[in-house]
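J.: So the protein sequences, as listed, match chains V and B.
One point on numbering: in my numbering, the residue at position 157 of the first sequence is 158, and numbering is uninterrupted.
One point on numbering: in my numbering, the residue at position 249 of the second sequence is 250, and numbering is uninterrupted.
Please read through the structure below; I'll follow up with questions.
2 protein chains.
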Amino acid sequence: MNKPYVVGIDIGGTNTVFGLVDARGTVVASSSIKTGIYPEFDQYIEALNEGLQTLMKTNGAEGQVHGIGVGAPNANYYTGKIEHAPNLVWKGVLPLAEALSSKVGLPVSITNDANAAAIGEMTYGAARGMKDFIMITLGTGVGGGVVCNGSMVYGFDGMAGELGHITARRNGRLCGCGRNGCLETYCSATGVVRTAYEFLEARVDEPTLLRDRENLTSKDIYDAAVAGDRMAQDVFEFTGKVLGEMLAEYVSFTSPQAIIIFGGLAKSGDMLMKPLRESFEANNMPIHKGKVKILLSELKEADAAVLGASALGWEAK
Amino acid sequence: MNKPYVVGIDIGGTNTVFGLVDARGTVVASSSIKTGIYPEFDQYIEALNEGLQTLMKTNGAEGQVHGIGVGAPNANYYTGKIEHAPNLVWKGVLPLAEALSSKVGLPVSITNDANAAAIGEMTYGAARGMKDFIMITLGTGVGGGVVCNGSMVYGFDGMAGELGHITARRNGRLCGCGRNGCLETYCSATGVVRTAYEFLEARVDEPTLLRDRENLTSKDIYDAAVAGDRMAQDVFEFTGKVLGEMLAEYVSFTSPQAIIIFGGLAKSGDMLMKPLRESFEANNMPIHKGKVKILLSELKEADAAVLGASALGWEAK
Numbered sequence: 002m003n004k005p006y007v008v009g010i011d012i013g014g015t016n017t018v019f020g021l022v023d024a025r026g027t028v029v030a031s032s033s034i035k036t037g038i039y040p041e042f043d044q045y046i047e048a049l050n051e052g053l054q055t056l057m058k059t060n061g062a063e064g065q066v067h068g069i070g071v072g073a074p075n076a077n078y079y080t081g082k083i084e085h086a087p088n089l090v091w092k093g094v095l096p097l098a099e100a101l102s103s104k105v106g107l108p109v110s111i112t113n114d115a116n117a118a119a120i121g122e123m124t125y126g127a128a129r130g131m132k133d134f135i136m137i138t139l140g141t142g143v144g145g146g147v148v149c150n151g152s153m154v155y156g157f158d159g160m161a162g163e164l165g166h167i168t169a170r171r172n173g174r175l176c177g178c179g180r181n182g183c184l185e186t187y188c189s190a191t192g193v194v195r196t197a198y199e200f201l202e203a204r205v206d207e208p209t210l211l212r213d214r215e216n217l218t219s220k221d222i223y224d225a226a227v228a229g230d231r232m233a234q235d236v237f238e239f240t241g242k243v244l245g246e247m248l249a250e251y252v253s254f255t256s257p258q259a260i261i262i263f264g265g266l267a268k269s270g271d272m273l274m275k276p277l278r279e280s281f282e283a284n285n286m287p288i289h290k291g292k293v294k295i296l297l298s299e300l301k302e303a304d305a306a307v308l309g310a311s312a313l314g315w316e317a318k
Numbered sequence: 002m003n004k005p006y007v008v009g010i011d012i013g014g015t016n017t018v019f020g021l022v023d024a025r026g027t028v029v030a031s032s033s034i035k036t037g038i039y040p041e042f043d044q045y046i047e048a049l050n051e052g053l054q055t056l057m058k059t060n061g062a063e064g065q066v067h068g069i070g071v072g073a074p075n076a077n078y079y080t081g082k083i084e085h086a087p088n089l090v091w092k093g094v095l096p097l098a099e100a101l102s103s104k105v106g107l108p109v110s111i112t113n114d115a116n117a118a119a120i121g122e123m124t125y126g127a128a129r130g131m132k133d134f135i136m137i138t139l140g141t142g143v144g145g146g147v148v149c150n151g152s153m154v155y156g157f158d159g160m161a162g163e164l165g166h167i168t169a170r171r172n173g174r175l176c177g178c179g180r181n182g183c184l185e186t187y188c189s190a191t192g193v194v195r196t197a198y199e200f201l202e203a204r205v206d207e208p209t210l211l212r213d214r215e216n217l218t219s220k221d222i223y224d225a226a227v228a229g230d231r232m233a234q235d236v237f238e239f240t241g242k243v244l245g246e247m248l249a250e251y252v253s254f255t256s257p258q259a260i261i262i263f264g265g266l267a268k269s270g271d272m273l274m275k276p277l278r279e280s281f282e283a284n285n286m287p288i289h290k291g292k293v294k295i296l297l298s299e300l301k302e303a304d305a306a307v308l309g310a311s312a313l314g315w316e317a318k
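Okay, structure coming up:
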């Protein structure tokens, strides 16, 4: 019998990574194309199709791929469309599932990046066997995926789980979504940098490795914190505190067994996790205290996005 | 063929109301006992059983009741127990489902009041046909019920949907749960009264019908607002604003088709609903604006709690 495969595609603003995945969740082979260099969406779909055909042919998987799962920004599971994604060059509403499916000749199912990560974690990672958990991805922005009763929560319109846009500070920092105080403006990689600049301005006389640096990144701040820089450590303390507060809000909402954290900032170790866990427990309702686990993703970073998206390929039809 | 019934029980701190409900959702007959007058939980179960037996006998429903559904404060759907309910005279963990089931000889399923209301609304009320909606009950406190993918969200430990304890104001008013700033401290009947006292203190020179009244109630404030009292109107304006902000947070979380409002304050009409709807739309993310309905409960207030609880009786086993 032929071995069944799925294809997972992770569409980012810069790169589109795609991989061939077997039923055990092994990424057998993967490849990528640049996302941003195609002025027209059709040209991009054409290039992506070529890449996929080559990948399947090279690995002897032709005719054995069950379906394609895609994780993409602002992707709507119900409509199969990408809706107004700020980080992509093509504007408006893009019929991704339909365009890709008719070109490749395979069923395509799409969802946003964080939901794809949640499905990956449930299928292959830290959430195996869990029916109620929350996924949170800490990247340039903050994404969320909510699983209740063993099912991904897409919501009425396919756009549920915008956990990066729960308000952390009423009338707080201006967010890309046009509102103020969203969690994403504090606890994403860019949020961490904003915090550092705020601290630099508020504590003008304090010596710190962060001062007079141009284009600070969250990595710079992490390195300074590891090197013992007080202000940089305070940035992580603050980030963990705010994130812990908000994860406690999520618990009041759906009472998950665990919250799984994924993405660059999640690799900051105790620098982030210690204040996060303290703040989380301090802010949980008494009925939830000590009950909810905070776990780090168990998916290998390089594979996670493709793997998560691919899990959706098994149910594509 | 015998007509099938269920029994719905609504346990409140003061009264316990129970009714016989047919398959069409008609409360055929109902009765009640006082909740707080039994020093021992066993005595209460004994009295409740007597009441139920009489109700079933009087209405010729003996042997035709499929099951019993109970809505009670801090009730855990999974364990069948009431856990540390602050408004009941019996402390600790109470094995309600087991005690009642063995006494009455019928299967018993329990959940908290707001979840019961959500199930009632889904079965007989404003949420018929909806698979994704949120129920919010505005009473002495604020309760929540979350339905996703057509299923009640109980969460991992049976205590999901504590929407009254999502933080409306960081470091805000002290809540009965021991935390600060919970929605419940602003948008419940008691929260409205707290707002009025705050306004009275902050605006000492302003003439208002609310001043020098002892034991203000939310009803007094509503009456004053209707009579044209500026401060009382401002109290409702503020309450609607805060509630609208928080309902928008709920939308980012599970993207419901509608949010259904139930309880005393919901009867305040435009005094509450106008600022609420304005604040809700202003605070929704652009992708959700104009898409999510805010509806009032369609269940008759007198029947709603019993009806909601009874719907759970159909699945009790």
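Cβ coordinates follow ideal geometry from the N, Cα and C atoms, glycine included.
Quantities reported herein were computed from a predicted structural model and do not represent experimental measurements.
1. With a cut-off of 8 Å, does the C-beta of S256 of chain B fall near any C-beta of chain V?
2. May I ask you to list the residues that DSSP assigns as paired with K294 of chain B?
3. How far does the alpha helix (DSSP H) with G314 of chain V in it reach, from first residue to last?
4. With C-beta atoms as the reference, is E282 of chain B less than 8 Å away from A169 of chain B?
5. For the alpha helix (DSSP H) that contains M123 of chain V, what are its first and last residues?
6. Is there a C-beta anywhere in chain B that falls below 8 Å from the one on G52 of chain V?
7. Whole angstroms is fine: what's the gap from G142 of chain B's alpha carbon to R231 of chain V's?
8. Can you tell which of V:E84, V:A233, V:G61, V:A118 has the C-alpha that lies nearest to the C-alpha of E207 of chain V?
9. Might you give, ordered along the chain, the residues of its own chain that have their beta carbon closer than 8 Å to the beta carbon of N172 of chain B, omitting 5 neighbours on each side?
10. Tell me, to the nearest whole angstrom, how far the beta carbon of G159 of chain V is from that of S110 of chain V; I am working on the premise that it is less than 8 Å.
11. Just checking my contact of S275 of chain V with G229 of chain V at CB under 8 Å: how many whole Å lie between their CB atoms?
12. At the level of alpha carbons, what is the spacing between A303 of chain V and P87 of chain V?
13. Tell me M160 of chain V's beta-bridge partners as DSSP assigns them.
14. Measure the alpha-carbon distance for I120 of chain B versus L266 of chain V and round it to whole angstroms.
15. Measure the Cβ-Cβ separation of G162 of chain V and G177 of chain V and say whether it is below 8 Å.
16. Please state if the CB of I260 of chain V and the CB of E250 of chain B are separated by a distance shorter than 8 Å.
17. Comparing the C-beta of E250 of chain B with each C-beta of chain V, is any distance below 8 Å?
18. For A225 of chain V, tell me which candidate among V:W315, V:P108, V:V193, V:V243 has the shortest Cα-Cα distance.
19. When the Cα atoms are used, what is the spatial distance from T59 of chain B to L21 of chain B?
20. Could you tell me the alpha carbon to alpha carbon distance between L217 of chain V and L211 of chain V, rounded to whole angstroms?
21. Write down the C-beta distance between N150 of chain V and S152 of chain B rounded to the nearest angstrom, noting that I regard them as a contact closer than 8 Å.
22. Do G130 of chain V and E299 of chain V come within 8 Å of each other at the CB atom, strictly closer than that value?
23. Strictly under 8 Å for the Cβ-Cβ distance: is I288 of chain B near chain V by that measure?
24. Whose C-alpha, out of B:P5, B:Y78, B:E84, is nearest the C-alpha of A62 of chain B?
25. Report the option in V:N285, V:V227, V:G179 whose CA atom is closest to the CA atom of S269 of chain V.
26. Output the distance between the C-alpha atoms of L56 of chain B and T27 of chain B, rounded to the nearest integer angstrom.
27. Here's a check: name, in chain order, each residue in its chain whose Cβ is nearer than 8 Å to the Cβ of K1 of chain B, leaving out the five neighbours to either side.
28. Where in the region 55-140 of chain V do unbroken runs of the beta strand (DSSP E), each at least 3 residues long, occur, reported from the N-terminal end onward?
29. Pull up the CB-CB distance for V7 of chain B and G68 of chain B, whole angstroms please, since I reckon it's below 8 Å.
30. Sorted by chain position, which residues of the same chain lie with C-beta nearer than 6 Å to T186 of chain B's C-beta, five sequence neighbours on each side aside?
31. When you compare the CB of A226 of chain B with every CB in chain V, is at least one pair closer than 8 Å?
32. Please work out which residues of its chain come closer than 8 Å, Cβ to Cβ, to D43 of chain B, disregarding the five sequence neighbours upstream and downstream, and give them in chain order.
33. Please list the partners that I262 of chain B has in chain V, where partner means a Cβ-to-Cβ separation under 9 Å.
34. Closest by CA to P108 of chain V, which one among V:A76, V:I262, V:V66?
35. Alpha carbons only, please: which of B:R25, B:L308, B:L297, B:V90 is nearest the one belonging to L139 of chain B?
T.: Looking at the coordinates:
1. The C-beta of S256 of chain B comes closer than 8 Å to at least one C-beta of chain V.
2. B:A259
3. 302-314
4. Not a contact, by the Cβ cut-off of 8 Å.
5. Start and end: 114-125.
6. no
7. 43 Å
8. V:A233
9. N181, G182
10. About 12 Å; that fails the 8 Å criterion.
11. It should be noted that the sequence gives Lys, not Ser, for residue 275 of chain V. Not quite, the Cβ-Cβ distance comes to about 16 Å (not below 8 Å), so this is no contact.
12. 24 Å
13. In the DSSP output, where bridge partners are listed per residue, M160 of chain V has none listed.
14. 40 Å
15. no
16. no
17. E250 of chain B counts as touching chain V.
18. V:V193
19. 11 Å
20. 8 Å
21. 5 Å
22. no
23. yes
24. Cα-wise, what sits closest to A62 of chain B is B:P5.
25. V:V227
26. 15 Å
27. Shown here, chain B extends from 2 to 318; a query on residue 1 of chain B therefore has no answer.
28. 66-72, 82-84, 109-112, 134-139
29. 6 Å
30. R174, C176, G192
31. no
32. For D43 of chain B, same chain residues with a beta-carbon under 8 Å away, outside a window of 5 residues either side, are A100 in chain order.
33. Those do not exist, as I262 of chain B stays about 17 Å from chain V at its closest Cβ, beyond 9 Å.
34. V:V66
35. The shortest C-alpha separation from L139 of chain B is found at B:L297.
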